[in-house]
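Each residue of the sequence shown is one higher than the one before, starting from 366 at the first, in the numbering used here.
For every residue, glycine included, the Cβ atom is placed at its ideal position computed from N, Cα and C.
Source: prediction; values computed, not measured.
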Amino acid sequence: MAKNIKRNIYFVGKTDPDVLDFHGHEYTTHYGTSYNSYLIKEEKTVLIDSVKNTHAREFVDNLKKEIDLEKIDFIVSNHSELDHGGAFNLLMKYIPDTPIYCSAAGINSLRGYHHSNWNLKVVKTGDRISIGNGKELFFIEAPLLHWPDSMFCYLSGDAVLFSNDAFGQHFSSDFLFNDSINEEIILDEALKYFANILAPYSKLVERKIQELQKLDLPLDMICPSHGAIWRKNPKQIINKYLEWSKSYSENQISIVYETMYNSTKVIAKNIEEGIRELKDDTAVKIFNVAEISKSDIIAEIFKSKLIFFGCPTINRRIMSNMAGLLELLIALQFKTKQAAVFGSYGWSGESLIVLEKKLRESGFLIAEDNLKIQWRPNEEARSECRQFVKELLKEK
Ligand code: FEO
């Protein structure tokens, strides 16, 4: 059902509390998600984005209860990925001539997804459309935040920024606003979203925020396309994005490993204990990449200043969950993070070479020292772990 969020602005999206994964199985959504679509009823009626294609029928039926679809003057597609543009396919069967405003890149993706002859109209940064009662929609292109077609639009008078994926979180609640939900969880989920989705475009994020700051628009609310609406102190999430886009880390060291017969796990645990003995003021976290979702580990790596990666050798390479994680890290290109590698082996021990190569490709600064232990770690190996940590943490 539609929910009023401010004056003549309504949430007409879909909360999806039970969804466990996003982008296929790449991203775990522990709190579900929402696909936020907004309806503005001024002299003109405007629909901003839709919902995931899988919820199209419910979306259109609910929208029909809220408004005669023919009364929608135009639609804005801030981003055409199917979790936002997916329900257009069904909606446009009812109103095929209604204009859809999108960026130039949005034309390609909307046509590519829907193979339609809809009335698509291109807008660019600075374009304005009057919607009556003295209010305007003002467009700001945001290419690669996180798709080429991404854009924001801003509603003057109400001072609301519709930012699509940027500033969003995978979170579902009937309470739509950040001030009516546990804000710590929202911020954690926003960080996970940034780390997994926006991080490769950090430079562009920084520039876009500087551009927004120069525009100096009054800002009462930021309405993203996933999760909570930023009503209380909306600038806080802009400031967080600025912080996260600049070589971010917290006082955290993480150990990420995969193991076959627990030898690499024993090394990992000894490294963890070694760090704890030396750094009682530092958060220390340990993850088995086969047991924890990669998207969660990525958020933790994003927060860490130093990460130990460990894996045994299998067929002269590394294990598949670790390989999958490293593939994602290569794409994400976190900046100025330090890494060290370790692993157990039986015959030849190439895993460390593979780990170092992939981490270098990911942009990590790799420690010269590494730790390679043959067969099952004994007491001597355990003290080697402590020594390894001691050397690495000397100046940290
Ligand atoms: Fe939420 Fe890029 O879609």
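Remark: three or more beta-carbon pairs, one from each stretch, lie closer than 8 Å, so the stretch 617 to 632 and the stretch 737 to 748 are flagged as touching. Assignment of CYS750 by DSSP, reduced to helix, strand and coil, places it in the helix class.
With 5 Å as the limit, the residues whose C-beta approaches any heavy atom of the ligand FEO more closely are GLU446, ASP448, ASP530, in sequence along the chain.
Following the DSSP letters along the chain, one finds ILE460 in no beta strand (DSSP E), marked with neither H nor E. Around the C-beta of LEU502, 16 or more other C-beta atoms lie within 10 Å, and the residue is accordingly described as buried.
Your pair SER619 and GLU665 checks out as a contact, with CB atoms roughly 5 Å apart and the cut at 8 Å. Within 10 angstroms of the beta-carbon of ALA593 lie 16 or more other beta-carbons, which makes it buried. The alpha-carbon separation between ASN484 and THR410 amounts to approximately 17 Å.
Within the same chain, VAL706, GLY708, ASN735, LYS737 come within 6 Å of LEU717 by CB-CB distance, once the 5 residues on both sides are set aside.
Under the three-state reduction of DSSP, GLN575 is assigned to helix. Contact check for PHE532 against PRO589 passes: the beta carbons are separated by less than 8 Å. Boundaries of the beta strand (DSSP E) around VAL525: 525 to 529.
By the C-beta density criterion, PRO742 is buried, having at least 16 other C-beta atoms within 10 angstroms. Within the stretch 648 to 692, the beta strand (DSSP E) runs of at least 3 residues that lie entirely inside it are, in chain order, 648 to 653, 671 to 675.
A Cβ-Cβ distance of about 12 Å is found for the pair GLN534 and GLU549, leaving them out of contact under the 8 Å criterion. Membership of ARG476 in any beta strand (DSSP E) is not indicated; the residue belongs instead to the alpha helix (DSSP H) covering 469 to 479. A distance below 7 Å between beta-carbons, with the five flanking residues on each side excluded, links LEU693 to the following residues of its chain, in chain order: LYS659, ILE663. Distance from the CA atom of LEU556 to the CA atom of GLY689, rounded to whole angstroms, is 21 Å. Residue state for GLY450 is assigned as helix, using DSSP reduced to three classes. In this structure, SER528 places its C-beta atom within 8 Å of the C-beta atom of ILE587. Spanning the alpha carbons of ALA367 and ASN482 requires a straight line of approximately 29 Å. Judged by DSSP secondary structure, GLY708 falls within the beta strand (DSSP E) whose first and last residues are 703 to 710. Distance between PRO583 and LYS611, taken at the CA atoms: about 25 Å. Below 8 Å, too few C-beta pairs join the stretch 571 to 580 and the stretch 669 to 677 to call them touching: fewer than three. With a threshold of 16 other beta carbon atoms within 10 Å, THR701 falls short and is exposed.
Judged by DSSP secondary structure, ASP553 falls within the alpha helix (DSSP H) whose first and last residues are 548 to 558. At least 8 Å separates the beta-carbon of ASN427 from that of PHE517.
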